[in-house]
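Student: I have a structure here, written as structure tokens, and I will follow up with some questions on it.
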Amino acid sequence: MGMSVFIFLGLVLLIVFMMIKVVPQGMEYTVERFGRYTHTLVPGLHFIWPIMDQIGYRQNMKEQVLDVPSQEIISRDNAMVRVDGVVFFQILDAAKASYEVNALEYAILNLVMTNIRTVMGSMNLDDVLSERDQINAKLLHVVDEATNPWGVKVTRIEIKDITPPRDLVDAMARQMKAERDKRANILDAEGFRQAAILKSEGEKQSSILKAEGQRESAFRIAEAREREAEAEAKATMMVSQAIAKGNVTAINYFVALKYTEALKEIAAAKNQKVIMLPLEASNLIGSVAGIGEIAKQVFKKDETSV
């Protein structure tokens, strides 16, 4: 009697234990009754019918990451590169992830690897190396659409490393060096061009300033000559008026002036070293005195007119 009681209590505890199911946070369990899916248990405490019901799949509902193994691909221009990456995904529907696909992670991984070959194989090597963001976006769109029936959301696909062959890397290095040398030469030529332009501009400004200085100097010289000519014309007019009135002193002055100018030109000649000419000093002195007489007469007229 006592033994049967213990057995009964043990069976009751076993049944109660089988009925109670605790689902941790971030997980969901599928429940199958006689092998057929019935419902999904969310995080928390749940009770199921023992023997009839059992847990089918335990799905992790948190975002998960898969490493994409390295593989070789051939670009559109027949360049072979080695590529690897990483995939981030999250299960949104535990039932679909459990029953719509077998080996979910393996299926996602193969889908990503296949599409990497498809997307990158349709691009040139330069585009493969420079447009990584565009490759990631294309892969994400294609893979997320393909995994949608599985109750999975692919959040990100990132290409980690793209490794071209060694000879191709060396060729690219030479090409980049040539491009840098080309840019340096262009910058040097541009610098020389700017320097030449600035030099020409400076010379132009200098020529303009020099021309303006010469013009100002010529203007001053012309003005001085004009004043000198006016003074000479005025003096000549005064002498002419005195001669017209029969002033002998004015005539002597005029003759002496011309005589003196002729002597000046003879003395200024480079082929003349010694000049021997008969010269009557009294005539010149008399002419100078005539200048004084003419000036006195002019001043007297001015005072009389005043």
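Heads up: the sequence shown begins at 3 in the working numbering, then just goes up one per residue. C-beta: ideal position from N, C-alpha, C; glycine also. Bear in mind the structure is a predicted one, so any value in this text is a computation, not a measurement.
1. When DSSP labels each residue in this structure, what does Pro71 get in the three-state scheme?
2. Can you give the Cα-Cα distance for Thr165 and Gln66, rounded to whole angstroms?
3. May I ask you to report which of helix, strand or coil DSSP gives Gln61?
4. Looking only at C-alpha atoms, which of Met115, Arg38, Met54 and Asn80 sits nearest to Leu68?
5. Quick one: grab the DSSP three-state call for Ala139.
6. For a test of the three-state rule: what should DSSP assign to Gly28, helix, strand or coil?
7. Could you have a look at Leu47 and say whether DSSP puts it in helix, strand or coil?
8. Distance, Cα to Cα, Val144 vs Asn138?
9. Check whether the stretch 124-141 touches the stretch 189-196, taking contact to mean three or more Cβ pairs, one atom from each stretch, closer than 8 Å.
10. Here's the rule: buried if 16 or more other CB atoms are within 10 angstroms of the residue's CB, otherwise exposed. What is Phe91?
11. Can you check whether the CB of Asp55 is closer than 8 Å to the CB of Val24?
12. Quick one: grab the DSSP three-state call for Glu133.
13. Which same chain residues end up closer than 7 Å to Ile17 when comparing Cβ atoms and leaving out the 5 residues on each side of it in sequence?
14. For Gln61, count neighbouring C-beta atoms within 10 Å of its own C-beta (all shown protein chains included) and say buried if the count is 16 or more, exposed if not.
15. Assign Ala317 to buried or exposed, taking buried as 16 or more other Cβ atoms, counted over all protein chains shown, within 10 Å of its Cβ.
16. In the DSSP assignment, find the unbroken alpha helix (DSSP H) run with Val114 in it and report its ends.
17. Where does Asp95 sit, in a helix, a strand or coil, going by DSSP?
18. On the three-pair Cβ rule with 8 Å, is the stretch 70-84 touching the stretch 103-117?
19. Considering only DSSP beta bridges, list what Phe194 is partnered with.
20. Please work out which residues of its chain come closer than 7 Å, Cβ to Cβ, to Ser284, disregarding the five sequence neighbours upstream and downstream, and give them in chain order.
21. Between which two residues does the beta strand (DSSP E) containing Val156 stretch?
22. Does the Cβ-Cβ distance between Leu141 and Val154 come in under 8 Å?
23. Would you list the one or two residues that DSSP bridges to Thr149?
24. Of the choices Ala96, Gly12, Met82 and Glu181, whose alpha-carbon is the least far from that of Lys64?
25. Would you decide whether Thr149 is buried or exposed? Buried here means 16 or more other CB atoms lie within 10 Å of its CB.
26. Buried or exposed: where does Ile76 fall if 16 or more other Cβ atoms within 10 Å of its Cβ makes it buried?
27. Comparing the C-beta of Ala197 with each C-beta of chain B, is any distance below 8 Å?
28. Can you give me the C-alpha to C-alpha distance between Pro151 and Leu94, rounded to a whole angstrom?
Tutor: Walking through what the data contain:
1. The residue labelled residue 71 in the question sits at position 69 within the sequence shown. Assignment of Pro71 by DSSP, reduced to helix, strand and coil, places it in the strand class.
2. Within the sequence shown, numbered from 1, the residue matching residue 165 stands at position 163. Within the sequence shown, numbered from 1, the residue matching residue 66 stands at position 64. Those two C-alpha atoms are separated by around 26 Å.
3. Taking the sequence shown and counting its residues from 1, the one referred to as residue 61 is at position 59. The answer is strand: DSSP assigns Gln61 an E or B state.
4. Counting from one through the sequence shown, the residue named residue 68 turns up at place 66. Cα-wise, what sits closest to Leu68 is Met115.
5. Taking the first residue of the sequence shown as 1, we reach residue 139 at position 137. In this structure, Ala139 counts as helix in the three-state DSSP scheme.
6. Position 26 of the sequence shown, counted from the start, is the residue given in the question as residue 28. Coil.
7. As a working note, residue 47 is residue 45 in the sequence shown. In this structure, DSSP gives Leu47 an extended state, which the three-state scheme calls strand.
8. Residue mapping note: residue 144 aligns to position 142 of the sequence shown, counting from 1. Residue mapping note: residue 138 aligns to position 136 of the sequence shown, counting from 1. Taking the straight line from one Cα to the other gives about 10 Å.
9. Segments in contact, no.
10. As a working mapping, residue 91 is identified with position 89 in the sequence shown. It is buried - the Cβ of Phe91 has at least 16 other Cβ atoms within 10 Å.
11. Residue mapping note: residue 24 aligns to position 22 of the sequence shown, counting from 1. Residue mapping note: residue 55 aligns to position 53 of the sequence shown, counting from 1. No, the Cβ-Cβ distance between Val24 and Asp55 is not below 8 Å.
12. Here residue 133 corresponds to residue number 131 of the sequence shown, with the count starting at 1. Collapsing the DSSP output to three states places Glu133 in coil.
13. Translated into the one-based positions of the sequence shown, residue 17 becomes position 15. Excluding positions up to five away in sequence, the list reads Pro52.
14. Start at 1 with the first residue of the sequence shown, and residue 61 comes out as number 59. Here Gln61 is buried: its Cβ has 16 or more other Cβ atoms, across all protein chains shown, within 10 Å.
15. Only positions 3 to 308 of the chain appear in the structure, and residue 317 is not among them; the question remains open.
16. On the sequence shown, residue 114 is found 112 positions in, with the first residue counted as 1. Residues Leu106 to Gly123.
17. As a position in the sequence shown, residue 95 is number 93, starting the count at 1. Of the three classes helix, strand and coil, the one that applies to Asp95 here is coil, per DSSP.
18. The answer is yes - the stretch 103-117 touches the stretch 70-84, with three or more Cβ pairs under 8 Å.
19. Stepping through the sequence shown from its first residue, residue 194 is reached at position 192. None, per the DSSP bridge assignment.
20. Working through the sequence shown from its first residue, we reach residue 284 at position 282. Note on Ser284: pLDDT 47, under 50, position unreliable in the model; no value is reported.
21. Translated into positions along the sequence shown, residue 156 becomes position 154. It spans Val154 to Thr165 - the beta strand (DSSP E) in which Val156 sits, taken as one unbroken run.
22. Here residue 141 refers to the residue found at position 139 of the sequence shown. Here residue 154 refers to the residue found at position 152 of the sequence shown. Contact: no.
23. Here the question's residue 149 lines up with position 147 in the sequence shown. Per DSSP, none; premise fails for Thr149.
24. For this step, residue 64 is matched to residue 62 along the sequence shown. Distance check between Lys64 and each of Ala96, Gly12, Met82 and Glu181 places Ala96 closest, using alpha-carbon atoms only.
25. Position 147 of the sequence shown holds residue 149. With 16 or more neighbouring CB atoms inside 10 Å of its own CB, Thr149 falls in the buried class.
26. Numbered from its first residue, the sequence shown carries residue 76 at position 74. Answer is exposed; the Cβ neighbour count stays below 16.
27. Absent from the structure: chain B. Only one protein chain is present.
28. For the purposes of this step, residue 151 is taken as the residue at position 149 of the sequence shown. For the purposes of this step, residue 94 is taken as the residue at position 92 of the sequence shown. Spanning the two alpha carbons is a distance of roughly 11 Å.
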